[in-house]
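Undergrad: The structure's right below; bear with me while I get my questions together.
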Amino acid sequence: MFGSLFNFQLKKENQDLKKIKKKDQDDSCETPGASFSSPEGSKKDKNKKDKKNSKNLHLEELELKNKEIQDLKQRFEASETRSKEDIAKLNTQKLNLERDLATLRADSETWSNEKWELTAANTDLQSRLQQMAMNMHIQGSPDQMLQEEIRNMKHSLNDERKVTEKLSRNLELEKRKVESLEQKAKASNNCNSSSSSGSRKSQKSSSTGIHLPDEMKVRDDKLAESMERYRIQCDNLGCSLRECEDKLLMSVEGPSVVTNELREEIGKLKKLLSEEKKRTSIDQHQINEMNGLFGSVLKEYQNALDYLRDLQNERKMKTQQQNVYEEIKESNHETRINELTALLLQSEEQLKGEQNKIQALKNKIKETEVDIEAVPILRAQVEVYQADFNAEREAREKIAGEKSDLEEELRKLKNSNRVNTAEALDEQRHIERFLATDARPGTAPALRNTINHLADNSFPR
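Going letter by letter, the sequence shown gives residues 3 to 463 in the numbering used here.
Dropping the structure here:
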């Protein structure tokens, strides 16, 4: 649409130039002597000068329009490169986020497997303790060292319980962080939905910024559930140990074989507790790593939000520029400049979603450049016309100078003739007075004839 309007304007201007050229040819075909013979030659010269000046101004306007078209072309190319760079950046960010999500999924799967192993170990311990309690209840063998070992196991279980409580507190803090991030993401989503649905870049960044905290929330919920199950199982283990302790206190004597078996079972339980401690330390280390990953993801999410803010600021700047252009449009500038600014605004709005049309627009601009190549030829023709006009003006100035010289000579001759006629009239009056006062009648006619003869010879009629 934009290119077709430019082509239409350029074709119209070329037609105007052709009409001006044809008119100049018609003027040049006229005889140069006709203007000198008529009294209105100077007016025609002034009209021709005005026409030449208007032609020069028209050519200057065409050059300015050509420069504006080149500027528009450069701005289109720059905006295209900027859009390509932004799309490449968004693609890289998307790939990084997908890779982080894959690592998080793998970590969650490993953690779930480890939690299942822990639950299996806890069930095994619980079954062994129950079996040991049954044996102790049947045989009844109190031993003070066994009670001390059971107390140590109880302390170790309390330590494990503290660790699980600490982990649960950390999980609650992470939940709060995720909830705050979700609220921020929803707020940014509302801002993006209230703004114009223009660019694909803002849609991609907003979509990645919203779905990522939801997935992390699901992972954290699953991890919290597994840790809660682990804590419940540890509590059950502690309850079973308390039952064993009560049963030992209630029993009075027992054979040494049972105590040895119980010691072996307690050693096994200690070994299993140490293994569980190692696993809990590994879990804590993995949770720390997860916190680090979550911090990096949070940082990327903040960067995405900053990028969204930059896009919104850029959109605001563009709306402000559009308002400025509309104010310029409402002012008393030329209508052609208003059309160009309106087309420029329309092209900037359509540039975000119309990358496929840019190639067609370039082809149309190339066609307009072919039409613009005719401008230097027209300028050369105008220069030729200017040279012809200057030659004609010099010839007219030369003829006008000769004419003024002839008029000056004619004026001098008329002045001299006027003086001679005045002198002759004075002489004639003097002679007539003389003839009137003369008394001799015989001499008067002859003298009068001679005076008339002299007057006829000196003043031709």
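Beta carbons are placed, not taken as given, at the ideal position from N, Cα and C, and that holds for glycine.
Cβ of I289 less than 7 Å from any chain B Cβ?
TA: Absent here is chain B; the protein component of the structure consists of one chain.
Undergrad: Find the nearest neighbour of T112 within the set E316, D285, A90, K270, judged by alpha-carbon distance.
TA: The candidate whose alpha carbon is nearest that of T112 is D285.
Undergrad: Measure the alpha-carbon distance for K416 versus I401 and round it to whole angstroms.
TA: Cα-Cα distance, rounded: 23 Å.
Undergrad: At the level of alpha carbons, what is the spacing between S298 and Q304?
TA: Whole-angstrom Cα-Cα distance: 10 Å.
Undergrad: Taking the C-alpha atoms as reference points, what is the distance between K1 and H287?
TA: This structure leaves residue 1 out entirely; the chain is present only between 3 and 463.
Undergrad: Pick helix, strand or coil for G211, following the three-state DSSP scheme.
TA: Bear in mind that a pLDDT of 40 at G211, under 50, signals an unreliable position, so the model cannot answer this.
Undergrad: Is it true that the CB of K75 sits closer than 7 Å to the CB of I367?
TA: In this structure, K75 lies closer than 7 Å to I367 by Cβ.
Undergrad: According to the neighbour-count rule (16 or more other Cβ atoms, all chains shown, within 10 Å of its Cβ), is K67 buried or exposed?
TA: Answer is buried; the Cβ neighbour count reaches 16.
Undergrad: Would you report the Cα separation of E266 and T282, rounded to the nearest angstrom?
TA: Whole-angstrom Cα-Cα distance: 24 Å.
Undergrad: By the three-class DSSP mapping on this structure, what secondary structure does K354 have?
TA: Looking at K354 - three-state DSSP - the assignment turns out to be coil, as it is neither helix nor strand.
Undergrad: Ignoring anything shorter than 3 residues, give me the beta strand (DSSP E) runs that lie fully in the stretch 300-331, in order along the chain.
TA: DSSP runs (the beta strand (DSSP E)) wholly in the stretch 300-331: none.
Undergrad: Since I believe K57 is in contact with V386 (beta carbons under 8 Å), could you give me their beta-carbon distance rounded to a whole number of angstroms?
TA: Actually they are not in contact, since the Cβ atoms of V386 and K57 sit about 12 Å apart, beyond 8 Å.
Undergrad: Would you call E278 buried or exposed, if buried means 16 or more other Cβ atoms sit within 10 Å of its Cβ?
TA: With 16 or more Cβ atoms within 10 Å of its Cβ, E278 is classed as buried.
Undergrad: Going by DSSP in three states, E79 sits in which element: helix, strand or coil?
TA: In the structure shown, E79 sits in a helix (DSSP, three-state: H, G or I).
Undergrad: For L59, does the count of other Cβ atoms within 10 angstroms reach 16, so buried, or fall short, so exposed?
TA: Answer is exposed; the Cβ neighbour count stays below 16.
Undergrad: Reducing DSSP to helix, strand and coil, say where E375 ends up.
TA: If DSSP states are grouped into helix, strand and coil, E375 belongs with coil.
Undergrad: Would you tell me roughly how many angstroms separate the C-alpha atoms of G294 and L363, rounded to the nearest one?
TA: The alpha-carbon atoms of G294 and L363 are separated by roughly 49 Å.
Undergrad: Count the other CB atoms within 10 Å of the CB of I479; is the residue buried (16 or more) or exposed (fewer)?
TA: Absent from the model: residue 479. The displayed extent of the chain is 3 to 463, so no value can be given.
Undergrad: With distance defined between alpha-carbon atoms, name the residue in L61, K50, E70, E394 nearest to I379.
TA: That would be L61, whose Cα lies nearest to the Cα of I379.
Undergrad: Report all residues from its chain with a CB closer than 8 Å to the CB of K91; omit the five preceding and five following residues, and keep chain order.
TA: If we look at K91 and ignore the five residues flanking it on each side, it has no Cβ neighbours.
Undergrad: Quick one: Cα of Q205 to Cα of I289, how far?
TA: Residue placement at Q205 is flagged as unreliable, the pLDDT there being 42, under the threshold of 50; the coordinate-derived value follows with that caveat. Whole-angstrom Cα-Cα distance: 32 Å.
Undergrad: Just to confirm before moving on: does the CB-CB distance between L347 and Q314 stay below 7 Å?
TA: No, they are not a contact pair.
Undergrad: In angstroms with no decimal places, state the Cα-to-Cα distance between A389 and D407.
TA: About 27 Å.
Undergrad: Out of N55, K48, K50, D47, state which residue places its alpha-carbon closest to the alpha-carbon of R381.
TA: Looking at the Cα atoms, N55 is the closest of the given residues.
Undergrad: Determine the burial state of M319: buried for a count of at least 16 other Cβ atoms within 10 Å of its Cβ, exposed for fewer.
TA: M319 should be labelled exposed.
Undergrad: Whose C-beta lies closer than 8 Å to the C-beta of N98 among residues of the same chain, with five residues either side of it excluded?
TA: Cβ within range, chain order: E302.
Undergrad: Can you find the residues in the same chain that come closer than 7 Å, C-beta to C-beta, to M292, ignoring five residues on each side of it along the sequence?
TA: The residues are D109.
Undergrad: If contacts are defined as beta-carbon pairs under 8 Å, then I71 and T370 qualify, I think. What distance do you get, rounded to the angstrom?
TA: Sure, about 7 Å apart at Cβ, within 8 Å.
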